[in-house]
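In this text, residue positions in the sequence shown follow the numbering used here: the first is 2, and each later residue adds one.
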Amino acid sequence: MLNKNVSDLLNEQINKELYSAYLYLEMNNYFDKRGLDGFANWYMIQAQEERDHAMLIYKYMQNNDCPIVLGAIAKPDKVFNSDMDVLRAGLEHEEYVTASIHTIYDAAYNVKDFRTMQFLDWFVKEQGEEETNARDMITKMELFGSDARSLYMLNQELAARTYSSPSLTLD
Ligand code: FEO
């Protein structure tokens, strides 16, 4: 059994990760309608990864006898008026999730919950990678997005992304 504050924050994080999956599905839907199937693929895989994140926390809580309360997942509230709007919303969201993970880490640190800190190490690294990916997409779009041929090639590059299960596993 973990400290109640740490446990409550982890519980909230399950919801935030599932919301993330929902938000990325919305982004997948935007690009699907735009006819940019590579971008749509990239966001579909992102949605799958977010579900994985939620399930890792869910399993960690179960393994530690923490009470899990599943709440409603909010409707994605973003309005996308351009491709860049989507990309920027993705980065903004990842920065929000990073801050949320750091808040849990800080709570665990304050009660010397070394197990949760070690568990969250993977998420801290993952967030760094996700922010880098989101920034790279924005940079590429700024450089090439206004040229149809370059956008086509960028779309092809994003179409090559494949899903793989997370490197972190819990029994
Ligand atoms: Fe699970 Fe993209 O944060």
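Glycine included, C-beta positions come from ideal geometry on N, C-alpha and C. None of the values given here were measured: they were computed from a predicted structure.
Any non-hydrogen atom of the ligand MG closer than 7 Å to residue i Cβ
i	result
residue 98	No copy of the ligand MG appears in this structure; the ligands present are the ligand FEO.
Beta-carbon proximity list for residue i, same chain, < 8 Å, skipping 5 on both sides
i	result
residue 128	95, 98, 99, 102
Check: residue i C-beta below 7 Å from any heavy atom of the ligand FEO
i	result
residue 130	no
residue 21	yes
residue 18	yes
residue 103	no
residue 143	no
residue 95	yes
residue 27	no
residue 13	no
residue 51	yes
Residue i, DSSP secondary structure in three states
i	result
residue 7	helix
residue 82	coil
residue 161	coil
residue 70	coil
residue 112	coil
residue 107	helix
residue 2	coil
residue 37	coil
residue 90	helix
residue 146	coil
residue 17	helix
residue 65	coil
residue 170	coil
Cβ-based burial, residue i [other Cβ within 10 Å; buried from 16]
i	result
residue 105	buried
residue 14	buried
residue 64	exposed
residue 156	buried
residue 108	buried
residue 2	exposed
residue 91	buried
residue 20	buried
residue 147	exposed
residue 153	exposed
residue 112	exposed
Chain-order list of residues whose beta-carbon lies under 6 Å from that of residue i (same chain, five-residue window excluded)
i	result
residue 46	162, 164
residue 259	Beyond the ends of the chain as shown, which are 2 and 172, falls residue 259; an answer cannot be given.
residue 139	88
Spatial neighbours of residue i in its chain, beta-carbon cut-off 7 Å, leaving aside the 5 residues before and after
i	result
residue 29	41, 44, 45, 48
residue 167	53, 57
residue 117	3, 7, 109
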